[in-house]
Structure formats: structure tokens, C-alpha cells
Amino acid sequence: MTPPESSHVEETVVMTAEAVAEACRRIAQEVVVANEDMAEVVLLGILRRGRPLADRLAKLIHELTGVAPQVGSLATTLYRDDMRSGMRPLKHGYGKTHFEFPINNKTVVLVDDVIAAGRTVRAALDEVMDYGRPTRIQLACLIDRGGRELPIQPDYLGWSVSGAPADHVSVQLMETDGQDIVLLERAAKESENERDDASP
Amino acid sequence: MSLLIKNGHLIDPASNRSETADVLIRGKRIEAIGKNLDGDKVLDASGCIVCPGLVDIHVHFREPGYETKETIESGCRAAARGGFTSVVTMPNTDPPIDDAGLVEFVYRRAHEVGCVNVYPAACATKGRAGQEMTEMAELKAVGAVAVTDDGSDIDSSWVLRRVLEYADMCGLVYLAHCEDRSLSEEGVMNEGYNSTRLGLPGMPKAMEESRVDRNVRLAELTGARLHIQHISTAGSVAIIRDAKTRGVRVTCETAPHYFTLTDDALADFGTNAKMNPPLREAVDVAAIKQGLADGTIDCIATDHAPHTITDKDVEFQLAPFGVVGLETALALTLAELVESGVLTIERALALLTCAPAALLGLAAGRLSEGGPADVTVLDPNAEHAVDPKAFASLARNTPLAGRTVRGQVRATVREGKVVYRSDE
Amino acid sequence: MNDASERTWTRKDLVGIEELSRDEIELVLDTAPQFVAVSARDSGIKKVPVLQGRLVVTWFYEPSTRTRSSFELAAKRLSADTLSISASTSSLVKGESLHDTLANIEAMHSDIVVIRHRYAGAAQILAERHDSHIINAGDGRHEHPTQALLDALTMRDRIRAVRKDPEAGLDGVRVAIIGDISHSRVARSNIWCLTKLGAEVVLCGPRTLLPPRVDEMGVEVTTDLKEAISRADIIYALRIQLERQQRCLFPSLREYIRLFRIDSTSIQAAPEHALVMHPGPINRDLELAADLADGPRSVILEQVANGVAVRMAIMHLLINSGVET
């Protein structure tokens, strides 16, 4: 996820480490409030960064309720809709879909770091449905970047960021990048309107 | 009780010994070789040569299936009378020796006879049909010393190639009867002036030479060992000489009749001179002798092929191929090769003892202390006429009847037992 | 798991292993595990939409149930449509040429054509002249690339489990391939694949079933079974065909069994940890004893499962890598 090389990049901090922690706490509380029986809730983190976020949420929920929901990973690579058109070379994904619990009759909370076009979440929904029939599926995102191409909205949101399509939102987490921070990288020049790289 | 063979001229080509010496035998083994030894029973070998029991790697003992011509027992007796203590039998019996049970049968029969060492060769293809290989690993495991379809060549080059490769893998050597039957088909004698004169269909030399060449080339392709049997022509000698210089793992043998007689011997339509390959011409006899002298030909083997008098007592065209040879081989070797100066007696005896034994890895053909007491005592000077009626073989089919030869076996000892003693 | 994100697949077809680089082979092996997971979903649907709307044609000149089924299943699990053509139903019997038949298939807008043919080179000449993505399912004695890839995946998974090292490869692993090497496309593809992955390969069989100068493929050769398996980590048994005996290539099944069969007697010469593999179908008690085929050393069923996943991976890479056709 690198910004266009030719542009001059202006970086703004959208969320500091404290803000990230606070957002996670709030999301955890909202999940607890919205779901009576935490034993029926499972978290599926959308790789790559959705998984560490899901692990954090599970820990926070455990602190709040004494129950830790089970956590798994979703790769979504095999469900991407841009594959069929062969429009770009395959990204071979970050890891495998893996969860060791059944999802039938559960509440599945999908967890991702950023939602933009919504296509990744759509792929995640298709994949989850192929594994079974959850009672309901909810979506938790740290950042909403805007730029929707599908009618999909998060149930739980950390922060909203608006920016030009060429701007790039970069989420970094301790587990994957060594620090917690969310950055907005603005292109100083007008660059080509590429397909949104921030939509994983 | 010991047996002492005394005062003889000892020749052991394997150890390069040629000197006056005594041989002391105890039990089945040679206890000592030296001068002025003492023993309980004495066999006086004065004026005689004392050499290792002779080794013949090509004999037909006809059992099972053709016991009127020869049996393992009578064949062994013929061998002993000829000074041979080890023979390799060919598998073209009925049934042919193409499975382990039959190999074991030959060993058992020979053991019962208890006369000379018999080593069976097994068939290379099932039924000698030239189509499917025999189970060579198993045949080797029960003691077959070589594989061959002798009597016939393997016509299909595809099959022969696979036979050579497989035999080599199993540690067996293929003994090749080289004959293109489509060239020799009707033939009953060498194709040449004599066959034209006599009005008999001929077997051209190319029938043998074309297959010697092909077989040599397959040996070269596969890197396998090949031993060519009974070569009879100058052309065959030349092909093998050349192949050896190229490093091909080929060896060969010839029979005494090929350095003794030409197709002139057939002038009287005598079927006892009819064999396959046939007697050739003077130029071939000369080339065979040269091949023996320069080492191209590795050993002498008789191709002892007995037939009954009745079998042979028919029109030349219809008579079966084959002559006996065990009881005349030594005399012919001495007369044609040693007396004429082609070979020294030591070299000639090597071709009948350690050389053939080495080709097939047999523990035979040498005199050594601690080794098996297989010894032959022969009088190189005794002159006599070949008398088929005196043969120990059941068969009489030799072209040499009445021929005056020099050299006679006085005694043959095998595993310390005297298995033949001449009367004179 | 290896992050394969930077590697790309650039070939239109999979014709053989000989021309592949180590990286390309490893890309396939690293792409396969996600498809293993798809087939392993017990409560869910064993399908992903990767090849939705695509047409995969299996075109088999030689009869084969297992390989054909494996390809068809792989295509179906990727949500593709499948069509099967066999020699008896194809117009080949009516004398139509190879190229014409493929052109007719392509006229139906096939995306992938999986071809098995009895003559070497068939897949290659088709791949060169046609636009379809061609997968070679076996051409004569030449190559059977998907078999070698599924074998390598199976071996790698086991090595990783035994060494408890999720990044381990096949470097230095010793594989003994036993049997009719001469007629085996599985052997040839495996030799290329294993040597490129750094494994040691030793071939063993009767002299008459070893191809000339095969040592020049970078392998050891022996006719002695004990010697071949004495230090092997993997023993790979090839199927022996009765027709070979009739072509004078070995004297009898009995003798072949005595000298080359992998059974509880001969396996004593192998290390305790040595695994047993076979490309199938097995002649039970012929080249491989039944108790070994079913026993704890055998990974034969894993080979079959991995076969579907590897074929899914290859079809995915061929179609979705954006390679121009």
C-alpha cells in the first residue's frame, strides 16, 4: 500500500496510539451492549490487520464481561470480485482463512482496519456464508475511509476520515508494524485517479 | 589316506608353474605341491604331465529328455576319460533348463553320479523360444553359472538387448550361439567349393559373422558381458579382435575340430563330420590358430554333442548336427597346436584349464595347496588311434575314428578320487 | 506461511516441470494450502468463486478415472463449469486432427483445457498454437507436472511436520523412486521437480527399465533395492505394468516382486522414518505390499487430497494472474 511515487506526500496523523486504544475500547463496549449473550459471538478478523484488531477486541470484551469470544481469521483472497475480470495481477494474500469453531447460529462480527469501497467486506460476507449459516453478521471497522461502491456500512466504527480518492489512509498496528498510528497521506500534486489502493 | 602323484612334470598355467614336482592329496584337497614328497598311495607319473583337471565350458549331456544319446552319468564318464574334471552343461534338453527346479535337478544328478563337477548353464529365454526372459536372478541364486539359448541364437535384437542388460544386472554372462538361420536354413555344410562339388546346400560364413557382429554391437551398447561360442571363421576372429581393442566386454571359445579339420573331411558324406557351425576352410583354420596364439580366442571348449548311431546313420542332409569331443580334445590340442608350434604346452593347457574357469568364475582349473584335488595325468607322447568303441560316452559320433594321435590321459582325479584310470 | 505476495505467475500454460524455476514451483506449493482448506470445510460449502463462469474442459485420450476426477473436482470446487471429452467420444476417432479438435473446443469458449495424451509433446504443440490455457495431465512418457507438484507438496508438508519447521523445504531430502522409470512420466516430472527443490534423487529398477544415461538428469541410479532405500526419507513406488513383462523387459512378476517390491521385508533396509508414496493406482502386493500401502508410513491418501488442491491452485494461477492469452 504505497502512495504514488511521483507525488509529494503530506502526512497527517489521524489517530494517535491513545486514540486507537480508546476507539477499540469503545467498539468493545458497543459490541457488548448490542449482544446479550457473548457466548454466541465470534470474531473473524479480515487479514491482514483485522486479525490483531479482533484479538484486541476479544481481550477487551473479556475484561468487560468475563467471556472471551473465539477469534479466527478470514483471508477473502479467493472471493475477490476483481479476480474474475483478470484486471490486475493476483495478490497472493496474507495468510490463510482459519478458524476452529463452527459459525452456524452464531453472531459473527467481522473485524477490519479500514473500510473504503466495501468490496473486501462483500468478499468476506460471501466467504463466511460458504462456511455456514450464522444467525447474523456484524461489521466492526477502525476507520471508515469513505468511497463506497456497495451498500455496506459498519455496525461499529472507530473513526471516520474523509479525503480525496487519491489520498491514502495508512493504518499501522503494534502487532504488524511496530506502532499504533493512523496516517492520512495527501498527494500534493494531482495524480491519476487510480483504483483505490486503500481498498484491500 | 593320502594319494601322491609322483615324478610328473607339473604344469599349472594359473601360477605359471612348469617343473618336475609331486602332488600330495589328502581327502578332497591338495595338501602339498613340491619335490620328493611322501604319500600312502602312489600314482607314478613319470614321463607324464600333471596338470589341473581340464575344464570344458560347453558340453551337451542330453539329460533330461534325450537319454539315449547321453546321460549325465555317461557324459561325466566321458569327461573323466578325456581328462576333464569340470564341465558346463548346455540347457537345450527336454524340458530345457529354464527354471530353478531343473537347474537343481542337474546338480543333484551330477552329485549322485559323483564323478566330475557339473555346472549347469540355464536358458536365457523361456523354452529357448527367444521371446521372454527367464528368471535370471532366481536361476543364479540356485547356481546357474551362465545363461544361453545354445542350439539357437536369439533372433530379435530387441530381446537380446534386454537379455544382455538383465543378465548383466544379475551377474550372469550370456553365452552366444551366433547363427542367422535365415541364411543357413537349408544348409548342411560350409558353403564353398566343396558344397558345390558335393551338391549339398551350404551355410555361408556370413551366417555366423553377421550375428557375431550384431551381438558384439549389442554388448557394446549395453556395456554387458558377452561370450561367443564355437567360432569357426576367420571373419569372426577378426570381428572379436577388433571389438576387444575397442574395450567391448566380449570373450570367445573355439572347438578342437575348428583348428583340426576343413570341409574336405566331408568328401565321403560321413555324417560324423556334420556339425553346426560346420567345418570351414584352410584359411579359417589358420585364422583360428592365430586367434588362439594372440589371445583373441580365450579358451577351447569341445561343444561335445552326442548322438546315437541310429540318429547319425541317415542321409547326410537329414542327419543331426553334432560331434562328440570330450575324449579327443586333449589329443587334438597337443597335435594341432603344440606339436605344430602354434602354442607352448603351457599356453595350450591354460586354454583348457584356468582360462575357461576364469570366464565363468568357476573354482577350477588350477593346482594350489589347499585347493580342490582335481588333477589330470597325461602322457603327451603316447601314440594311439582314436577308437570310438572305447569311448565312455554313450555316443560314437566323431570324425576322427582311426586317426593316429599323440597324447593320452593316464589318470583323472577329482576331489581326491581317481575317476578315470587308463589301462596301459 | 511464506508470504507469496510479491511473486507472480507468468505462464499461459502448465506443460511440464522441466522449464519451471524453483520459485515458480514454490509459488504453486505456497498457493495450494488455501485450497486444501476449502476441501476440508466440513460444515460449509466446499467451493470458492475463483473460477466462476469459466469453462474447464478435460480432454483425455487415455482412460483415467483418478486424474480426470481430480481435475474435474478441482474445477468444480473453483465454481467453474466442466466438460469432459474422451477419445472414444471425440472426433479423433473419426480422424480429426489434434489441432482441429482443440479449435472446436475453443469455439465453445473454453478457458482451460486439461489434456492427457499418449504421445509425448502433445500438450506443448497445442499450447504453442492455441490461446487456451493448457494443463498437461500426462503426455506419453514425457511429463505429468501436476502429479509431481502434488507429490512435492505432500513431501513438504510431512517434512515440515516432522521437523516442526513451517518454513522447511526439500533441500537435502533423499527420495528413492523405484520401478519402471523408463516408461514413467511421473518419474521424469518428479526428477525435475525434486532436483530443482534441492532434494537428492536415487532411481532403482531392473536394468531393462532404466532409461539410458538417466544419470545425466542429476540423479543416482542403482539396480539394488537395498542400496536405493538405505538412506531414503521418501520411498516412491511406481506402478509396474504387466505389458512390460510381455515385451521382454523383465522375466516374470514373481522375479520383479522378489527384487523390487516394497514390502515389510525389503523396508527393513530403509530408515525408520522413511515414508511410502505411490502415484496410484496401486497394484496391491505387486510393486507395493498391501500392508505398507495402508500402514503408518503411507501418505498415499494425502497425495490424493493434495492433488485436488494443487490442481485448484494451478487453475487459479493460470486464469487469475492476468497473463495475456
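Residue numbers (the working numbering), protein chains in the order written: chain Z, 9 to 208; chain E, 601 to 1024; chain F, 199 to 523. Ideal Cβ placement from N, Cα and C applies to all residues, glycine included.
Residue-level contact by beta carbon holds for alanine 235 of chain F and chain Z, with a gap shorter than 7 Å. Spanning the alpha carbons of arginine 762 of chain E and cysteine 446 of chain F requires a straight line of approximately 7 Å. In the three-state reduction of the DSSP assignment, valine 742 of chain E falls in the coil class, being assigned neither a helical nor a strand state.
For the pair of segments examined, the region 694–707 of chain E was found not to touch the region 413–422 of chain F: the number of CB pairs separated by less than 8 Å stays below three.
As summarised for the region 303–330 of chain F, the continuous beta strand (DSSP E) elements at least 3 residues long and confined to that stretch are 310–315, given in chain order. The C-beta of glycine 126 of chain Z comes no closer than 7 Å to any C-beta of chain F. Per DSSP, asparagine 815 of chain E is one residue of the alpha helix (DSSP H) stretching across 806–822. Close CB contacts of lysine 424 of chain F within its chain, under the 8 Å cut and outside five residues either way in sequence, are with Ser464, Ala467 (chain order). Excluding residues up to 5 positions away in sequence, Ile611, Glu946 lie with their Cβ nearer than 6 Å to the Cβ of serine 618 of chain E in the same chain.
Assignment of beta strand (DSSP E) within the region 124–181 of chain Z, counting only whole runs of 3 or more residues, yields 144–152, 164–168, 176–180 in chain order. Annotation: the region 46–86 of chain Z contains the following complete segments of the alpha helix (DSSP H) (minimum length 4 residues), in chain order: 58–73.
At a cut-off of 7 Å between beta-carbon atoms, tyrosine 139 of chain Z makes contact with chain F.
Taking a Cβ-Cβ cut-off of 8 Å, the neighbours of tyrosine 766 of chain E in chain F comprise Pro404, Arg405, Thr406, Phe448, Pro449, given in sequence order.
For leucine 861 of chain E, the CB contacts under 6 Å within the same chain, skipping 5 residues up- and downstream, are Leu879 in chain order. In the DSSP annotation of this structure, cysteine 715 of chain E is not part of any beta strand (DSSP E), being labelled neither H nor E. In the three-state DSSP reduction, cysteine 446 of chain F falls in the coil class, being neither helix nor strand. The Cβ of glycine 367 of chain F sits no closer than 7 Å to any Cβ of chain Z.
Secondary structure note for valine 28 of chain Z: it is in no beta strand (DSSP E), and the uninterrupted alpha helix (DSSP H) holding it is 25–42.
Under the three-state reduction of DSSP output, aspartate 369 of chain F falls in the coil class, being neither helix nor strand. In the DSSP assignment, methionine 475 of chain F falls within the beta strand (DSSP E) that extends over 473–475. Here the alpha carbon of arginine 144 of chain Z sits roughly 13 Å from the alpha carbon of methionine 46 of chain Z. In the structure shown, the three-state DSSP call for tyrosine 766 of chain E is helix.
The way I'd put it, the region 327–343 of chain F does touch the region 309–316 of chain F; three or more beta-carbon pairs between them come closer than 8 Å.
For isoleucine 460 of chain F, not one C-beta of chain Z is nearer than 7 Å to its own C-beta. Look at leucine 440 of chain F: its C-beta is not under 7 Å from any C-beta on chain E. Alanine 397 of chain F and aspartate 363 of chain F have their alpha carbons spaced roughly 17 Å apart. A distance of 7 Å or more separates the beta carbons of leucine 775 of chain E and histidine 830 of chain E.
With a cutoff of 7 Å on beta-carbon distance, valine 1019 of chain E and alanine 806 of chain E are scored as not near each other. Identification of chain F residues near arginine 762 of chain E by a Cβ-Cβ cut-off of 9 Å yields Arg405, Thr406, Arg445, Cys446, Leu447, Phe448, ordered along the chain. Collapsing the DSSP output to three states places asparagine 997 of chain E in coil. With a threshold of 7 Å between beta carbons, alanine 724 of chain E makes no contact with chain F. Annotated three-state conformation of glutamate 619 of chain E is strand, per DSSP. Between serine 282 of chain F and leucine 249 of chain F, the C-beta gap is not smaller than 7 Å, which leaves the two residues out of contact. By DSSP's assignment, alanine 632 of chain E forms a beta bridge with E:Leu624.
Annotated as proximal: alanine 834 of chain E and aspartate 884 of chain E, with beta-carbon spacing under 7 Å. Shown here for aspartate 638 of chain E: not one same chain residue has a beta carbon closer than 6 Å to its own, the five before and five after excluded.
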